[in-house]
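Chemist:
Protein chains in written order, with the working numbering: chain B, 488 to 597; chain S, 278 to 394.
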């Protein structure tokens with residue numbers, strides 16, 4: 488959706504860290520999500536962060552939230568070939584509706 | 278974890294026919310489900326909110342007579358694309374809202390790819 492913006496492409500070498508950035512406009516956002524979509528498949532929830540948090544870490548994933556700048560990022564440590572996918576950030580609007588960014592296609596090269 | 282199943286996962290139909298896509302919550306009850314549409318290499322756009330036992334709420338610009346939604350039970354919502362045309366070809370994804378007390382969690386189906394010839 489136009490309320491959430493992401494860069495469209497990211498190429499990263501295997502073993503390096505990936506950082507995917509997202510900006511949103513809704514200052515009243517409560518939860519922000521990261522989803523992964525592999526080719527021809529549905530969405531897999533990777534992680535989420537509550538708006539009163541600055542950071543959340545879950546194994547190889549680190550989410551950083553700058554609420555002042557309305558900026559969200561997802562860092563994937565030690566990126567693997569299986570991490571190649573499209574990553575969507577999403578903003579929780581009212582009534583559990585999600586507003587998605589356009590998705591960042593991550594390509595992991597050997 | 279909770280599972281949401283969509284059927285069919287892919288379907289090809291002739292222009293002018295109607296196609297029904299099912300979204301089932303397999304191990305929880307979902308009074309609310311959401312239908313999204315995804316064009317190639319684009320984001321997911323919310324089409325409508327499906328509420329069990331009541332009429333669906335459609336987002337602006339979505340034709341309710343074109344995309345019929347029925348949420349007849351707590352575990353099943355269906356999306357029927359009526360008189361399908363090639364421009365309706367898309368990837369349709371549903372999500373189901375699972376509630377535990379005051380906390381809700383969204384679970385996505387694996388999507389249904391519709392190709393209209």
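Glycine included, every Cβ here is placed at the ideal spot set by N, Cα and C.
1) Chain S beta carbons: is any one of them nearer than 9 Å to that of residue 546(B)?
2) Would you mind telling me which residues of chain B sit closer than 7 Å to residue 370(S), beta carbon to beta carbon, in chain order?
3) Using a Cβ-Cβ cut-off of less than 7 Å, give me the residues of the stretch 353-369 of chain S that come near chain B, in sequence order.
4) Is the shortest distance between the beta-carbon of residue 299(S) and the beta-carbons of chain B less than 9 Å?
5) In angstroms with no decimal places, state the Cα-to-Cα distance between residue 588(B) and residue 295(S).
6) Whether or not the stretch 562-572 of chain B and the stretch 497-507 of chain B are in contact is what I'm after, with contact meaning three or more pairs of Cβ atoms, one per stretch, closer than 8 Å; do they touch?
7) Could you name the residues of the stretch 294-319 of chain S whose beta carbon sits closer than 9 Å to any beta carbon of chain B, in the order they occur along the chain?
8) If you check the beta carbons only, do residue 386(S) and residue 290(S) fall under 9 Å apart?
9) Using a Cβ cut-off of 7 Å, pull out every chain B residue sitting near residue 387(S), in sequence order please.
10) Could you list which residues in chain B have their beta carbon closer than 9 Å to that of residue 381(S), in chain order?
11) In chain S, which residues lie with their C-beta within 9 Å of the C-beta of residue 588(B)?
12) Comparing C-alpha positions only, which one of 544(B), 569(B) and 518(B) sits nearest to residue 499(B)?
Modeler: Reading it off the structure:
1) Taking the first residue of the first chain as position 1, residue 546(B) is located at position 59. With respect to chain S, the C-beta atom of residue 546(B) has no partner C-beta closer than 9 Å.
2) The residue labelled residue 370(S) in the question sits at position 93 within the second chain. Listed along chain B are 529 and 530, each with a C-beta nearer than 7 Å to that of residue 370(S).
3) Those would be none; no residue qualifies.
4) Position 22 of the second chain, counted from the start, is the residue given in the question as residue 299(S). Using a CB distance cut-off of 9 Å, residue 299(S) does not count as an interface residue toward chain B.
5) In the first chain, counting from the first residue as 1, residue 588(B) sits at position 101. In the second chain, counting from the first residue as 1, residue 295(S) sits at position 18. So the alpha carbons of these two residues sit roughly 30 Å apart.
6) Yes: the two stretches touch, three or more of their Cβ pairs being nearer than 8 Å.
7) 309, 311, 313, 315, 318 and 319
8) Taking the first residue of the second chain as position 1, residue 386(S) is located at position 109. Taking the first residue of the second chain as position 1, residue 290(S) is located at position 13. Taking 9 Å as the Cβ cut-off, residue 386(S) and residue 290(S) do not qualify as a contacting pair.
9) In the second chain, the residue the question calls residue 387(S) occupies position 110. 528 and 529, listed in chain order.
10) Residue 381(S) sits at position 104 when you count from the first residue of the second chain. Ordered by position in chain B, the residues that pass the 9 Å Cβ test against residue 381(S) are 583.
11) Within the first chain, residue 588(B) is the residue found at index 101, counting from 1. Here the neighbours are 320.
12) Here residue 499(B) refers to the residue found at position 12 when the first chain is read from its first residue. It is 569(B) whose Cα lies nearest to the Cα of residue 499(B).
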